[in-house]
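To get our numbering, take the position in the sequence shown, counting from 1, and add 10. Backbone N, C-alpha and C fix where the C-beta goes; we use that ideal spot for every residue, glycine too. Note sheet for the following structure.
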Amino acid sequence: MKTIRSSHMLQIFIIILLTLVRLSYQTLYACNASASCGCSRNSATVSRIVGGETANSATWGWAVSISIANSYLCGGSIISSSWIITAAHCAEGFTASQFKVYAGSNIRYSGTQTRTVSKVILHSEYKSATFVNDITLLKLASPLDMSDPYVRSICLPSVSQATLSAGEWPPVGTNVVAVGWGRLSEGGSLPSTLQQVTLQTVDYQASTCTPTMKDWHVQFCAGVSGGGKDTCQGDSGGPLMMFGSKNQWILVGVTISGIGCAEAEYSGMYTRVAAYEYWIKSNTNDSTSSSTSLSSTTSFPSTTSSRSITSLPCTTSSSYNQARDTTASSPMIHSHGNTVETTTFNVFVFV
Numbered sequence: 011m012k013t014i015r016s017s018h019m020l021q022i023f024i025i026i027l028l029t030l031v032r033l034s035y036q037t038l039y040a041c042n043a044s045a046s047c048g049c050s051r052n053s054a055t056v057s058r059i060v061g062g063e064t065a066n067s068a069t070w071g072w073a074v075s076i077s078i079a080n081s082y083l084c085g086g087s088i089i090s091s092s093w094i095i096t097a098a099h100c101a102e103g104f105t106a107s108q109f110k111v112y113a114g115s116n117i118r119y120s121g122t123q124t125r126t127v128s129k130v131i132l133h134s135e136y137k138s139a140t141f142v143n144d145i146t147l148l149k150l151a152s153p154l155d156m157s158d159p160y161v162r163s164i165c166l167p168s169v170s171q172a173t174l175s176a177g178e179w180p181p182v183g184t185n186v187v188a189v190g191w192g193r194l195s196e197g198g199s200l201p202s203t204l205q206q207v208t209l210q211t212v213d214y215q216a217s218t219c220t221p222t223m224k225d226w227h228v229q230f231c232a233g234v235s236g237g238g239k240d241t242c243q244g245d246s247g248g249p250l251m252m253f254g255s256k257n258q259w260i261l262v263g264v265t266i267s268g269i270g271c272a273e274a275e276y277s278g279m280y281t282r283v284a285a286y287e288y289w290i291k292s293n294t295n296d297s298t299s300s301s302t303s304l305s306s307t308t309s310f311p312s313t314t315s316s317r318s319i320t321s322l323p324c325t326t327s328s329s330y331n332q333a334r335d336t337t338a339s340s341p342m343i344h345s346h347g348n349t350v351e352t353t354t355f356n357v358f359v360f361v
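Following this line, the structure appears as structure tokens:
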């Protein structure tokens with residue numbers, strides 16, 4: 011009896027020890043439940059050691075999956091009941107009626123709410139060869155029901171002109187979290203369940219950032235020293251988020267591109283959302299929520315224009331910088347209406 015009891019106590023001790031070890035390598039983000047944006051039904055718990063992990067249910071209520079012709083295309087973020095923000099290279103070449111948006115679920119082809127799109131606002135100065143101004147707004151054909159406990163909006167950053175002009179925001183070294191349904195490894199399979207990963211913002215002059223960076227005012231890099239953590243193909247358009255001082259998640263980046271996935275030599279590249287605050291507010295008639303008071307201007311006037319899409323020709327480039335939509339490890343995708351053609355090359359190219 012004594013031996014059995016000792017064995018039982020040892021098992022309990024081991025379980026407690028393993029639980030404490032696991033918790034020591036996790037960060038719990040307890041968000042402000044009364045906030046109008048940036049807080050989901052459940053607080054997020056994110057590992058600090060793995061390359062990526064499956065997200066818990068109802069922790070990222072603003073993350074949506076976007077499909078074309080019943081095929082997953084990209085991720086996106088809910089910024090209000092009627093508007094989704096995603097990457098321009100995800101939308102170029104398609105008409106609004108071709109999109110379907112799934113909200114309220116961690117499962118790629120599922121959602122507590124499904125919506126079609128009535129309007130696509132592609133940034134008019136989007137440059138496919140460099141991913142500059144790679145940002146798009148999708149207006150939903152009917153508003154989301156925001157009383158749904160699984161659906162939330164994410165806060166937009168509100169950063170002063172002086173701060174944007176003085177240097178990078180978010181500051182270099184800031185912990186940020188990316189979520190998406192992208193490939194688990196370069197050229198690998200797409201997961202059915204939403205994944206999450208913690209990264210750090212990287213100096214635009216760093217050697218891991220300069221191969222992809224074209225305009226630091228509207229783009230920035232994120233990754234980890236030594237590689238092993240990154241976004242990948244299929245994560246394009248999805249959110250890169252910072253947990254703010256008011257315990258709310260803020261959309262600081264839109265996943266756009268990178269060279270390979272999780273390679274030590276290269277950081278991923280993201281659209282700097284703070285540079286587009288005025289553009290977003292003006293195109294959505296200020297229907298979104300910010301984490302702080304709204305600044306009156308942006309320091310980058312070139313980011314304020316837009317164009318609505320009905321149909322666009324496909325665009326190609328020989329750049330080695332690779333878009334992070336649902337391409338294979340090295341294909342070129344040509345968009346023609348609701349069909350997708352692929353042509354394989356020996357180098358990385360983007361759509």
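> Who are the near neighbours of T69 in its chain, counting only those whose CB is closer than 6 Å to its CB and skipping five residues on each side?
Replying inline: The answer, listed in chain order, is S50, N52 and A54.
>> Using CA atoms only, rank isn't needed, just tell me which of G254, M223, G198 and G114 is closest to C165.
In response: Comparing Cα positions, the closest option is G254.
>> As an exercise, report each continuous alpha helix (DSSP H) stretch of at least 4 residues that is fully enclosed by the region 163-188, in chain order.
In response: Fully enclosed alpha helix (DSSP H) runs of 4 or longer: 171-176.
> Where A98 and T220 are concerned, what is the direct C-alpha to C-alpha distance, given to the nearest angstrom?
Replying inline: Cα to Cα, the separation comes out at about 22 Å.
> If we ignore side chains and look at the alpha-carbon of each, how far apart do Y39 and M251 end up?
Replying inline: About 12 Å.
> If you drop the 5 nearest sequence neighbours on each side, which residues of the same chain put their C-beta closer than 7 Å to that of Y214?
Replying inline: Excluding sequence neighbours, Y214 sits near E178, M223, W226, F230 and C231.
> So, do the region 125-142 and the region 181-192 have three or more beta carbon pairs nearer to each other than 8 Å?
Replying inline: The region 125-142 is not in contact with the region 181-192.
>> Going by the DSSP bridge assignment, what does A333 pair with across the sheet?
In response: DSSP lists S267 as partners of A333.
> How would you call S246, buried or exposed, if buried means at least 16 neighbouring beta carbons within 10 angstroms?
Replying inline: Around the C-beta of S246, 16 or more other C-beta atoms lie within 10 Å, and the residue is accordingly described as buried.
> Buried or exposed: where does S92 fall if 16 or more other Cβ atoms within 10 Å of its Cβ makes it buried?
Replying inline: Classification of S92: buried, given that the 10 Å Cβ count is 16 or more.
> Which residue's Cα is closest to the Cα of Y160: R193, L147 and S115?
Replying inline: The shortest Cα separation from Y160 among R193, L147 and S115 belongs to S115.
>> Measuring only the C-alpha atoms, how far is W289 from C84?
In response: W289 and C84: Cα-Cα distance of roughly 22 Å.
>> Measuring only the C-alpha atoms, how far is V228 from V262?
In response: Answer to the nearest angstrom: the Cα atoms are 11 Å apart.
> Does the beta-carbon distance from G248 to A73 come in below 8 Å?
Replying inline: Contact flag set, yes.
>> I need the DSSP call for V234, collapsed to helix, strand or coil.
In response: V234 falls in the coil class under three-state DSSP.
> Are Q206 and V189 closer than 8 Å when you measure CB to CB?
Replying inline: Contact: yes.
> So, is G197 buried or exposed, given that buried needs 16 or more other C-beta atoms within 10 angstroms?
Replying inline: Counting of Cβ neighbours within 10 angstroms places G197 among the exposed residues, the total staying below 16.
> For S91, does the three-state DSSP call read helix, strand or coil?
Replying inline: Secondary structure at S91: coil, using DSSP grouped into helix, strand and coil.
> Nearest CA to the CA of L150: which residue from E275, I95, Q36 and G236?
Replying inline: Among E275, I95, Q36 and G236, the Cα nearest to that of L150 belongs to I95.
> Would you report the Cα separation of S152 and T122, rounded to the nearest angstrom?
Replying inline: For S152 and T122, the distance between alpha carbons rounds to 14 Å.
> Do A113 and Q258 have their CB atoms nearer than 8 Å?
Replying inline: Result no, Cβ atoms of A113 and Q258 do not sit closer than 8 Å.
> How would you label N143, buried or exposed, when you count the other beta carbons within 10 angstroms and need 16 or more for buried?
Replying inline: With a 10 Å radius around the Cβ and a threshold of 16 neighbouring Cβ atoms, N143 comes out buried.
>> What residue range does the alpha helix (DSSP H) around H99 cover?
In response: Counting along the chain, the unbroken alpha helix (DSSP H) around H99 starts and ends at A98 to A101.
> From V169, S170 and L154, pick the residue whose C-alpha is nearest to that of S163; which is it?
Replying inline: Cα-wise, what sits closest to S163 is L154.
> Could you give the distance in angstroms between the alpha-carbon of S292 and the alpha-carbon of T298?
Replying inline: So the alpha carbons of these two residues sit roughly 10 Å apart.
>> Which residues does DSSP list as the beta-bridge partners of P153?
In response: Within the DSSP secondary-structure output, P153 pairs in no beta bridge.
>> Can you tell me where the beta strand (DSSP E) holding S77 begins and where it ends?
In response: A73 to I78 is the span of the beta strand (DSSP E), which, as asked, contains S77.
>> Report the CB separation of M279 from I266 in whole angstroms; it is logged as a contact under 8 Å.
In response: With 8 Å as the limit, M279 and I266 qualify as a contact, their Cβ atoms being about 6 Å apart.
>> E287 and G237 - do their beta-carbons sit closer together than 8 Å?
In response: With contacts defined by Cβ atoms closer than 8 Å, G237 and E287 do not form a contacting pair.
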